[in-house]
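In our numbering, the protein residues as written are 174 to 704.
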Amino acid sequence: MKKLLLLSILSASFSLVQAQNSTLTKLVDSLPAGGFDIIETYKNKLYTMPQHVGGNIYQVDTASGTLTHQATLPMLPTGWEYTTRSGNFIFLKNKTIAAAMNTSGSGTFYIAAGLGTVDTLLKNYNSFGAIRSIDTMAYILATKSLPAQYLFSTNLATPIQAIDSNIIRMMPAYNQKSMYYVRNTTTTDQSPLFKRTNGITHQLLESTPNVAHVISMIGEINGDMYYSVSSRATALDTTWIKKCDASGVISVIDTILMKAYVEENGLVMGNKLILPFKRETSPYYQDLIVYDLNTLSKVNISQNSYYIRIINLQQTQVATNHFYYNSISPIKTYISDGTVAGTHTYTNSLGSNIELEFENYDYYQSLGNKAILCDEYPVAGLTNEFHYGNSMNMTKFTLFPGLSSYPSHFVKIASTLFFRTRNAGYTKMSIIKQSGCGSPVGIPQSLINHDNDIDFAVYPIPATSFLQIELSKVHEAGTQIKINNLLGQTIYQSTANETNLTINCSEFKSGIYFVTVESKTSKAVKKIIVQ
């Protein structure tokens, strides 16, 4: 009877709005740069961006899949590469802000690219970390490996400036158009200062009285930023939940006494605050406390029984009435509505645990293999697998039966999901669009008529003095063969009048190029290397 009652409570806690099945559409069959591009959203628009090497940035029409050139990331010197992974891309004022790094470890810098030009406003600044924008300001956080972690800002009209140093945590508050951050006053993350900035000046909000304090942010609700201040005393730690309003006035919401303190940023869900507590005494569990602002009450949903992957907590894994989090002992993903009864293990259709791997971009600049669709259905990508599901059930879906695909970079615009897939050889990358909620119906349908697809081979790779291009057939009149460099410049062009073509490439500079065969109705692109 107790088990039946618990199931009834869980069903009530996570009742889902019935929705029709979703459809998958191959929005872009193959991007010009092959399988190296990634996709990002910015201000409700979809962009494709070249990864590792320079090249063209396109805006993707989310209805037709049409690509419109927006900017070009210039080529970098040998040994340098762009690290334009999820969460590290801003397209602001017709300029792209991206991170670059030296793979030999000799340093890093940031660069802003306009339409094919290098913008000196952001060039040659030592740091690599998160890139964020609020309104018209861009914020860049230095890497944690540097002795002093700096917070930079620019409006892209004036040179970048350092707002502050020794930053431990930051969190944007979009309603106030401010960036909140915690600054160290010592070499450790204790005795911190709580500040905010508009990108030009910064304001001290709270100074902790001694070295045994830790400040962490929770999140913004209705223009107020909630945060916690923990006083370290192993026998009985004290944590104050506080609120900072738009004018900078600080008020204490409540006081929590327990043998644990808040060390990382938390989450907000409606009027609930999710605080990750780290216990001071053995066993060193990491508790997850949910504090209800309506009732001024708290509940420990972790029940003192496992270690939570606190570093993975981020606001993107929160839906309207539930959120997801991972534990590391045991390795599981949990779903919770903020109550004990409404917290349970997230499983697949066979009852196995599913780890959704919610990444924190501030630390890892990761691939973004997760999203919450229609506020209810999590999706995740694994090698050759696409997972979707409701709150009680995750199901594996094969995108292309018989073919390898690697889905990643899940992004959303409103309730529509977009993600990229690549093949095993990184020679082709497609963009998939998921419309609607619920289970996908059928394999992805393409916007392109593949009856006239172009099939061709190019060799040798790498090439030194010549390239041989073989077409499966001579396509419609006017079919063009082009070779472009990484900047998108066409260095060779001819009309395909026969199935075999030999091209002298002895004058080409060493590097990566793209061979495009294009007719009025279809196009195919392949990457080549010239030595």
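Here a beta-carbon is modelled for each residue, glycine too, at the ideal position from N, C-alpha and C. Being a predicted model, the structure only gives us computed values, none of them experimental.
Closest residue to residue i among the options (Cα-Cα distance)
i, options, result
"D202", "A697, Q704, I702, V703", "A697"
"T322", "Y255, I307, S338, L219", "Sequence check: residue 322 is Gln here, not Thr. Checking every option, the nearest Cα to that of Q322 belongs to S338."
"D210", "S475, R482, S679, K601", "K601"
"G609", "C547, V631, L446", "C547"
"T241", "Q232, G562, S692", "Q232"
"I656", "V631, T672, N670, T251", "V631"
"A271", "T512, S420, T245", "T245"
"L469", "T196, L446, Y458", "L446"
"N328", "Q662, L265, P382", "L265"
"E643", "I616, T675, P223", "T675"
"N118", "A273, A286, N275, L249", "Past the edges of the chain, shown from 174 to 704, lies residue 118, and the structure says nothing about it."
"T520", "A669, I508, L576", "I508"
"Q653", "G615, S692, F639", "S692"
"L590", "Y561, P382, L576", "Y561"
"V402", "I414, S619, N275, N673", "I414"
"Y347", "A315, T568, M431, R305", "R305"
"I394", "T663, I627, V513, Q488", "Q488"
"F570", "I586, H582, V552, A587", "V552"
"K471", "M431, I313, K682, Y498", "M431"
"A385", "S404, N371, Y400, K368", "S404"
Local conformation of residue i per DSSP, three classes
i, result
"Q232", "strand"
"T196", "strand"
"I414", "strand"
"Q488", "helix"
"I616", "coil"
"I685", "strand"
"I304", "strand"
"I701", "strand"
"L177", "Confidence at L177 is low in this model, with a pLDDT of 36, below 50, so its placement is unreliable and the value that follows should be read with caution. Note: L177 maps to helix in three-state DSSP."
"I605", "strand"
"I373", "coil"
"I501", "strand"
"F187", "Any reading at F187 needs caution, since the residue's pLDDT is 41, under 50, leaving its predicted position unreliable; the model's value is listed next. DSSP places F187 in coil when its eight states are reduced to three."
"I474", "coil"
Sub-8 Å separation of residue i and residue j beta-carbons
i, j, result
"P503", "Y479", "yes"
"I429", "K416", "no"
"R452", "G208", "no"
"I212", "L219", "yes"
"G228", "L200", "no"
"I391", "V422", "no"
"Q490", "I545", "yes"
"P205", "F687", "yes"
"K505", "T493", "no"
"N194", "S577", "no"
"F496", "G554", "no"
"I336", "S326", "yes"
"I605", "L197", "yes"
The beta strand (DSSP E) enclosing residue i, as first and last residue numbers
i, result
"K706", "The structure shown does not extend to residue 706, since the chain is modelled only from 174 to 704, so the question has no answer here."
"D427", "423-431"
"L783", "Because residue 783 is not part of the residues shown, which for the chain are 174 to 704, the question remains open."
"Y632", "629-632"
"T506", "504-509"
"G598", "Segment: none, G598 is in no beta strand (DSSP E) and carries neither H nor E."
"L440", "440-442"
"I135", "The structure shown does not extend to residue 135, since the chain is modelled only from 174 to 704, so the question has no answer here."
"L324", "324-327"
"D337", "334-337"
"G392", "386-394"
"P223", "218-223"
"E213", "210-215"
"A708", "Outside the displayed span of the chain (174 to 704) sits residue 708, for which this structure offers no information."
Classification of residue i by the beta-carbon crowding that lies within 10 angstroms, buried from 16 upward
i, result
"P633", "exposed"
"D460", "buried"
"H375", "buried"
"G396", "exposed"
"V584", "buried"
"I373", "exposed"
"Q349", "buried"
"L713", "No answer is possible for residue 713: it lies beyond the span of the chain, which begins at 174 and ends at 704."
"A406", "exposed"
"I152", "A question about residue 152 goes unanswered here, because the residues of the chain that appear run from 174 up to 704."
"P574", "exposed"
"N438", "buried"
"T723", "For residue 723 there is no data in the structure shown, the boundaries of the chain being 174 and 704."
"P449", "buried"
"P382", "exposed"
"S389", "buried"
"E549", "buried"
Any chain C beta carbon closer than 8 Å to residue i
i, result
"G511", "The chain labelled as chain C is not found in the depicted structure, where only one protein chain is given."
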